[in-house]
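Student:
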Amino acid sequence: MTEEERKQLLQQLLDKHKRGELKPADRYKIPPQNMPEQDPIKRRTNVNEVATGYTETGARLEAMRCLQCKNAPCIKGCPVQIRIQDFIAAIAEGDFKKGLAIIKENSLLPAVCGRVCPQEVQCQQTCTVGLKFKDATKAVSIGRLERFVADLDQNNDSIPAVVRETGMKVAVIGSGPGGIVAAADTRRAGHDVTIFEAFHKTGGVMVYGIPEFRLPKAIVQKEIDVLSKMGVKIVCNFIVGRTRTIEQLMKENGFDAVYIGVGAGLPRFMGIEGESLVGVYSANEYLTRSNLMKAYDFGKSTDTPILRSKKVAVVGGGNVAMDSARTAVRLGAEKVYLVYRRSEKEMPARIEEVHHAKEEGIEFHILQSPKRVIGDENSHVTAIECLKYELGEPDESGRRRPIPIEGSEFIIDVDTLIIAIGNAANPLIRQTTPGLEFNKWGNIVVDENCKTSMEGVYAGGDIVLGAATVILAMGQGRIAAAAMNEYLAEKKKTRD
Amino acid sequence: MPHRIVSKRQLSKDVFTAEIEAPLVAQARKPGQFVIISINNEYAERIPLTIADADEQRGTIRLIWQRVGKTTAELADMNAGDEIINVVGPLGKPTHIENFGTVVCVGGGIGNAPLLPIAKALKEAGNKVITIIGARNKELLVLEDEFTQISDELIVTTDDGSYGRKALVTEPLKELCQREPKPDQAFVIGPTIMMKFCCEVTKQFGIPTQVSLNTIMVDGTGMCGGCRVEVDGQSKFVCVDGPEFDGHKVNFDLMMKRLDTYKDHEQKAYEQYKKHRCKIGLDKTRNPKQ
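Protein chains in written order, with the numbering used here: chain A, 184 to 679; chain B, 1440 to 1729.
1) So is Pro1441/B buried or exposed if we call it buried at 16+ other beta carbons inside 10 Å?
2) Between Pro1727/B and the rest of its own chain, which residues show a CB-CB distance below 6 Å, the 5 nearest in sequence each way excluded?
3) Using a C-beta cutoff of 7 Å, does Pro1529/B count as contacting chain A?
4) At the 7 Å Cβ level, is Gly1672/B part of the contact set with chain A, yes or no?
5) Checking the sheet assignment: what are the DSSP bridge partners for Thr1570/B?
6) Between which two residues does the alpha helix (DSSP H) holding Asp209/A run?
7) Going by DSSP in three states, Arg347/A sits in which element: helix, strand or coil?
8) Look up Ile627/A in the DSSP assignment and say whether it is helix, strand or coil.
9) If you measure between the beta carbons of Val497/A and Leu521/A, is that distance less than 7 Å?
10) Given that a residue counts as buried once 16 or more other Cβ atoms are within 10 Å of its Cβ, and exposed if not, what is Trp1731/B?
11) At 7 Å on the CB atoms, spell out the chain A contacts of Asn1525/B, in chain order.
12) Roughly how many whole angstroms lie between the Cα atoms of Asp679/A and Met433/A?
13) Report the neighbours of Gln1711/B on chain A: residues whose CB is nearer than 8 Å to its CB, in chain order.
14) Looking at Arg1618/B and the ligand MN, is the gap between the Cβ and the nearest heavy atom below 6 Å?
15) Assuming Leu291/A and Ala367/A form a contact by the criterion Cβ under 8 Å, report the distance between their Cβ atoms to the nearest whole angstrom.
16) Would you decide whether Gly1520/B is buried or exposed? Buried here means 16 or more other CB atoms lie within 10 Å of its CB.
17) Which residues of the stretch 608 to 619 of chain A have a Cβ closer than 8 Å to any Cβ of chain B? Give them in chain order.
18) If I measure Cβ to Cβ from Arg1725/B and keep anything under 6 Å in the same chain, skipping five residues before and after, which residues do I get?
19) Give the residues of chain A in contact with Ala1483/B, contact being defined as C-beta atoms less than 7 Å apart.
20) Can you give me the start and stop residues for the alpha helix (DSSP H) that Lys1532/B sits inside?
21) Closer than 7 Å, Cβ to any Cβ of chain A: which residues of the stretch 1501 to 1516 of chain B, in chain order?
22) Which residue from Cys257/A, Arg266/A, Glu435/A puts its Cα closest to that of Gln302/A?
23) Using a beta-carbon distance below 7 Å, is Met1656/B in contact with chain A?
24) Please list, in chain order, the residues of the stretch 453 to 484 of chain A that have any C-beta partner in chain B closer than 7 Å.
25) Please list, in chain order, all residues of the same chain as Glu669/A whose beta carbon is under 6 Å from its beta carbon, the five residues on each side excluded.
26) Tell whether a beta-carbon distance below 7 Å holds between Gly444/A and Gly392/A.
27) Check whether the stretch 633 to 640 of chain A and the stretch 326 to 334 of chain A touch, using three or more Cβ-Cβ pairs below 8 Å as the test.
28) Could you give the DSSP three-state label for Arg1618/B: helix, strand or coil?
29) Is Thr510/A helix, strand or coil when you go by DSSP?
30) Contact check, Cys569/A vs Phe547/A under 8 Å by CB: the rounded distance?
31) Comparing alpha-carbon positions, which option in Ser492/A, Arg533/A, Glu542/A lies nearest Lys518/A?
32) Please report whether the beta-carbon of Arg1716/B lies at a distance below 7 Å from any beta-carbon of chain A.
33) Check the Cβ of Val1679/B against every Cβ in chain A and list those closer than 8 Å, keeping chain order.
34) Name the chain A residues whose beta carbon is nearer than 8 Å to that of Leu1463/B?
35) Pull up the distance between the alpha-carbon of Glu1495/B and that of Ile604/A, whole angstroms please.
36) Which complete alpha helix (DSSP H) runs does the stretch 244 to 328 of chain A hold, if anything under 4 residues is left out?
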């Protein structure tokens, strides 16, 4: 469809709607609107964002596809219960400001979530339109619409109102998505909020992990700037547990409440022979070097090196695996293989990421997994030996269990191996916070209000959930902040 | 918050020391811990450096480093009054200090810097401290006076015999191990190859040996795993599981290879920097006109 045709179609639909004649059947007929993207060949050589965003007409047409279901099943799929059908109706009407205001009632970071939420397993999974076509990719593109209205607002400098100062102090540990929301929500309630970040730069996984081509850093920075303008204090290079403990923060520095949002931490390795050879990276390291430290500009304006590999294998099937593989392409690798031990159907990565990875030339090796890493006399990786797998009965995750096929060993020549099979909980807080309860995996135990076993201490995100998403971390940040605001109001009453 | 350099001194041709403002680190640090610093911009390389000493009252830490690449050279070109933008720490687990009885502390080259606070703490805990410090030549030997003060016995070696005994540190170490009673515990910090051979010696005599490893790091909090080493056949992270490990279980050969991962990059960056400092007149020997 050309832009002109889109405009005509939109006008017809709007006219029909005005006359009260627009039927669901008409809405079903509107073709799903694709979001314009950078050409796959071109984008292999740059780090700019892949998807460039809807035009106004594209967005309004997509919004017209929404049936405005009375029971709004989409909302039940949203971890933060955004009034989805209402914000989409506003977009269809062309009232983009109203659309954004509705989203912001529940979500602080729409420009981020519109980009990185796994909508196909959340709001878009339960969308009636998608169900009608028996295809989640044909559901209303809720995420793209969210991004559209959020991006229009990028030049807006307004900041959320902060009520009168309460004099109560809140420490937020970690400046990732959960920390940002917890800080904003407690600050809005008038508390004196300080964020402690271990890195020299704020944003957590949105800055060190998710690549620029999927989530531009400027968007994250804008959210951080809003916090600063609200009066949230930000302290970087501060490792809670090492620089000061939680106990010290509360007893000596007078913090009345603490939110722990430190993220996942330790990358998992496979425990196979050769995994410490030169050229084996955790995805965390590979992505941090590239994203946070801009290793792709090494020798020009940055100082952190990264191996410029020719043939790269990435192990894993999640978003982090896709990010790593696509980063390797952009760093100049000629061949990038994605090695995953189940089938594509079981991949936890978003469909869109899988699609983009394939478009960019990444070769998928499904039902395979490395058995050992082979190196040369200098201990540099030269190949991986893999085993083929087949799928058995479903395991406790509900996905079919991968079973290695005996004697199916084969070799893939590579000079770099990136392991993207998830993270274990970081032990720092556990080692330094006696009295805090953890489960057997090392994750912090919390109740439904994200309250931990320690008074005044709340937690959320990966350190609680294991592996979560940006939106789940945000959701917990919000729940925790509400509980903290309540706790602090009580505490203030007894203190005054 | 920037960190001011309070004082800086050149200890030998390529070894420097500076006292740097970092009040929180000074307060929290314990022997065996380190910091990660980056010097001048948000994309500057993050490098781990051991905390050689700290002054809680003054709010400063003391770093000692060897000029081996771009970042350490840049740091060497800074002076009192200049500021470093990022200092984070203290990182790593502190050294386990107790009264072992007789301990041998072996330091090689720049390894003397992290060894000093550990030796000090061991002495304070009531140990008999025998120290061996070595360097390639007299020029590169650092902290001899400091070790003299805290050691019950001090042995100095140089590879070329320009000072002290002409030997590698392993030689006097072996002699100490042969004494009766033999030492109860050894601490060895220095170049990887030195730690490897020292551990081979102490292993023969069954003397438990702690080594402190300095590997390539990015975050220093366990997040990236770049610092991992093979200990007893398992991947361990130097930043959160270490930096100290049982030296008899460390795969030093693999560690040395991993340390060389970015050798070419590092050389290129260092060469570029040397050319740059020559141009701006920092290097008077290379550009006498300046």
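For each residue, glycine too, the CB sits at the ideal point set by N, CA and C.
Tutor: A quick look at the data gives this:
1) exposed
2) Because the pLDDT at Pro1727/B is just 42, under 50, the model does not fix this residue reliably, and the value given afterwards should be weighed accordingly. Answer for Pro1727/B: no residue qualifies.
3) yes
4) False, the Cβ-Cβ gap to chain A never drops below 7 Å.
5) Cys1544/B, Leu1593/B
6) 207 to 212
7) coil
8) strand
9) Between Val497/A and Leu521/A, the C-beta spacing is below 7 Å.
10) Chain B is shown from 1440 up to 1729; residue 1731/B falls before or after that span and cannot be answered.
11) His383, Asn420
12) Taking the Cα positions, Asp679/A is about 19 Å away from Met433/A.
13) Gly482
14) Questions concerning the ligand MN fall outside what the structure shown contains, since it holds no ligand whatsoever.
15) Their Cβ separation, rounded to whole angstroms, is 6 Å, which keeps Leu291/A and Ala367/A in contact under 8 Å.
16) exposed
17) Asn609, Pro610, Leu611
18) Model confidence at Arg1725/B stands at a pLDDT of 47, short of 50, so the residue's coordinates are unreliable and nothing is read from them.
19) Asp486
20) Neither: Lys1532/B is in no alpha helix (DSSP H) and is coded neither H nor E.
21) Lys1509, Thr1510
22) Cys257/A
23) no
24) Glu458, Ser459, Val461, Ser465, Asn467, Glu468, Thr471, Arg472, Met476, Lys477, Phe481, Gly482, Ser484
25) So the list is empty, once near-sequence residues are dropped.
26) no
27) no
28) coil
29) Three-state result, Thr510/A: helix.
30) For a cut-off of 8 Å, the C-beta gap from Cys569/A to Phe547/A is around 13 Å, too long to register as a contact.
31) Ser492/A
32) no
33) Chain A residues near Val1679/B: Leu449, Asn609, Pro610, Leu611.
34) Phe421, Thr426, Arg427
35) Rounded to whole angstroms, the gap between the alpha carbons of Glu1495/B and Ile604/A is 42 Å.
36) 256 to 260, 267 to 276, 279 to 289, 293 to 299, 311 to 315
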